[in-house]
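Heads up, the sequence shown is in this note's numbering, so the first residue is 78 and it goes up one at a time. Notes for the one structure printed next.
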Amino acid sequence: MKIRTDVSKSYHAKSVEEQREAYDNWAARYEADLCAMGYRIPAMIAAVFVRYVPQGCFPILDAGCGGGIQAEPLAMLGYGPIVGIDLSDSMLEVASSKNFYSELKQATLGETLDFPDNYFGAVISSGTITPKHAPPHSFEELVRVTRADAPIIFSMRDDPLQEPEYPAMLGKLENEGKWESVFEGPGFHSMPYSEPEITHRIHVYKVR
Ligand SMILES: C[S@@+](CC[C@H](N)C(=O)[O-])C[C@H]1O[C@@H](n2cnc3c(N)ncnc32)[C@H](O)[C@@H]1O
Numbered sequence: 078m079k080i081r082t083d084v085s086k087s088y089h090a091k092s093v094e095e096q097r098e099a100y101d102n103w104a105a106r107y108e109a110d111l112c113a114m115g116y117r118i119p120a121m122i123a124a125v126f127v128r129y130v131p132q133g134c135f136p137i138l139d140a141g142c143g144g145g146i147q148a149e150p151l152a153m154l155g156y157g158p159i160v161g162i163d164l165s166d167s168m169l170e171v172a173s174s175k176n177f178y179s180e181l182k183q184a185t186l187g188e189t190l191d192f193p194d195n196y197f198g199a200v201i202s203s204g205t206i207t208p209k210h211a212p213p214h215s216f217e218e219l220v221r222v223t224r225a226d227a228p229i230i231f232s233m234r235d236d237p238l239q240e241p242e243y244p245a246m247l248g249k250l251e252n253e254g255k256w257e258s259v260f261e262g263p264g265f266h267s268m269p270y271s272e273p274e275i276t277h278r279i280h281v282y283k284v285r
């Protein structure tokens, strides 16, 4: 049986404000729903992260951290400090209750981020740089705030409903010499019990 959740509201938001409202309203139930949906992007990112990020590499930015599912396995292994940013204050409140983050800030990917150039030793983004969420040009700011040679590790949809501007941006930044691809995993069903048609891949790009 297909699990019914608010995920479709987030994929139909018509503006940043509607998206914020969708997650503010979903925050209290988000993690229970995502677990029921079989959500596995954070586990995949954690596995890739330990291959590409040495211990002692910090600070780490969790871009679109939501309620903090992604930080848990990294904090368990002693990685950090981890800084989380998200559009939704209610999602940030859930993340704050877990004590995995050194800092949590409301911020909108796609706009200028309030961090210095070359600041982070690694960046992760799980389930967020995706249609109706953070736009493709979000990567430009993530590259700016990441140190040279540091990895940006993220999920990206690769099913037929992916918008072509997202993969195009990966190639554009590579052609401009801003980053280089060091890993691209196979496609996997990221929420198999509720959205079996949606697949993602995990990517790692090293900033130049
Ligand atoms: C599918 S959830 C993923 C949350 C978390 N990374 C995880 O894996 O559970 C997407 C998150 O992105 C946030 N979001 C959507 N658009 C955003 C934007 N433009 N800038 C920052 N956060 C955004 C939402 O508030 C939500 O918390």
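Glycine is no exception: its CB is placed at the ideal position from the N, C-alpha and C atoms. Note that the coordinates shown come from a computational prediction; the quantities given were computed from them, not determined experimentally.
CA-CA distance, M233 to E95, rounds to 22 Å. Checking the DSSP bridge columns, you'll see D163 partnered with Q183. Contact between V281 and D226 fails: their C-beta atoms lie close to 12 Å from each other, not under 8 Å. Cβ contact annotation for T189 (same chain, cutoff 7 Å, sequence separation greater than five): E218, in chain order. Counting only residues of its own chain and dropping the five nearest sequence neighbours on each side, L181 has a CB closer than 8 Å to the CB of C142, V160, G161, I162, D163, L169, A172 and S173. By the C-beta density criterion, A245 is exposed, having fewer than 16 other C-beta atoms within 10 angstroms.
Beta-bridge annotation (DSSP): F231 is paired with S202 and H280. Of the other Cβ atoms in all chains shown, 16 or more fall within 10 Å of the Cβ of A140; this residue is therefore buried. In terms of side-chain proximity, the C-beta atom of A152 is found no nearer than 7 Å to any non-hydrogen atom of ligand 1. Rounded to the nearest whole angstrom, the C-alpha separation of K209 and G144 is 19 Å.
With a 10 Å radius around the Cβ and a threshold of 16 neighbouring Cβ atoms, A105 comes out exposed. At least one heavy atom of ligand 1 falls within 7 Å of the beta-carbon of Y100. For I137, the enclosing beta strand (DSSP E) stretches over residues I137 to A140.
In this structure the segment 117-128 lies against the segment 150-157, because at least three pairs of beta carbons, one per stretch, are closer than 8 Å. Excluding residues up to 5 positions away in sequence, V222 lie with their Cβ nearer than 6 Å to the Cβ of F192 in the same chain. Around the beta carbon of S258, fewer than 16 other beta carbons lie within 10 angstroms, which makes this residue exposed. With a threshold of 16 other beta carbon atoms within 10 Å, S87 meets it and is buried. Between Y178 and P213 a beta carbon distance of about 26 Å is seen, past the 8 Å cut, so the two are scored as non-contacting.
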